[in-house]
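I have placed the structure first, in the form of structure tokens, so that the comments after it can refer back to it.
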Amino acid sequence: MFRLDVPQRIGTARCTEGKLEVVPSSDAPETGYDSLEEYVYSILESKERALLECTDADARTRGPQVLSRIRRELRLILARISEPSYRRCVLKHDDLAPLNMLMNESGDLTGVIDWDYQSVLPAVLAVEYPSFIQYGGVLDPVYAVELGEGMETWWFVSPHDAKLLKDHYTEVRAF
7 MFRLDVPQRI
17 GTARCTEGKL
27 EVVPSSDAPE
37 TGYDSLEEYV
47 YSILESKERA
57 LLECTDADAR
67 TRGPQVLSRI
77 RRELRLILAR
87 ISEPSYRRCV
97 LKHDDLAPLN
107 MLMNESGDLT
117 GVIDWDYQSV
127 LPAVLAVEYP
137 SFIQYGGVLD
147 PVYAVELGEG
157 METWWFVSPH
167 DAKLLKDHYT
177 EVRAF
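Take our numbering: the final residue in the sequence shown is number 181, and no numbers are missing along the way.
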């Protein structure tokens with residue numbers, strides 16, 4: 007999907023009269039975002055506004071300090087990722103799961119469906135392992151929710167297979 011030619015704006019893709027355009031996402035200002043800096047700093051600004059309404063005294067005291075430090079660190083991080091390949095906007099499926107992938111009998115990916123949740127983001131923000139091969143954090147089986155009788159949680163791959171798929175994903179992503 008990263009090879010698709012998409013408009014170089016941050017937002018949500020929409021197809022109108024056979025032409026792909028990027029429109030502001032629901033949480034974006036009416037004008038949308040033209041750069042990675044605009045996007046990440048708007049997130050910080052929304053957190054700063056939320057702090058004004060926060061009733062937790064500790065959060066109101068520490069929050070601005072934390073956000074100030076994040077702002078300083080972001081300047082350094084953004085400077086290090088200035089190459090166009092990191093900043094090129096790409097189409098990202100925000101719900102990429104096995105149920106949304108079509109494969110042939112050989113296991114080759116032939117299509118991706120259910121594009122209700124998607125975004126156009128700089129590649130540096132869009133690249134991630136698909137959730138179904140991540141083990142760790144909330145996606146670790148130790149945190150699985152107990153379901154009712156007769157129901158069970160299914161894991162699409164074992165931890166061992168997930169590692170193999172991550173290695174393969176990394177190889178393919180390099181091309």
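Ideal Cβ positions, reconstructed from N, Cα and C, are used throughout, including at glycine.
Item	Value
If distances are taken between C-alpha atoms only, which option among 36, 13, 72 and 155 comes closest to residue 25?	13
Less than 8 Å between C-beta atoms, sequence neighbours within five positions excluded: which residues of the same chain meet that for residue 48?	34, 35 and 39
Determine the extent of the alpha helix (DSSP H) in which residue 70 is found, giving its start and end residues.	63-86
Residues in its own chain within less than 6 Å of residue 165 by CB, not counting five upstream and five downstream?	141
Check each candidate in 20, 41, 172 and 30 and name the one with the smallest Cα separation from residue 92.	41
Check whether the stretch 106-124 touches the stretch 58-73, taking contact to mean three or more Cβ pairs, one atom from each stretch, closer than 8 Å.	no
Can you tell me where the beta strand (DSSP E) holding residue 128 begins and where it ends?	124-128
Going by DSSP in three states, residue 97 sits in which element: helix, strand or coil?	strand
Out of 129, 139, 19 and 68, which one is the CA nearest neighbour of residue 9?	129
How big is the Cα-Cα spacing for residue 114 and residue 96?	22 Å
Since residue 125 contacts residue 31 with CB under 8 Å, what's their CB separation in whole angstroms?	6 Å
Starting from residue 39, follow its DSSP beta bridges and name the residues at the other end.	16
Kindly indicate which residue of 80, 20, 59 and 90 has the alpha-carbon position closest to the one of residue 44.	80
Does the beta-carbon distance from residue 171 to residue 139 come in below 8 Å?	yes
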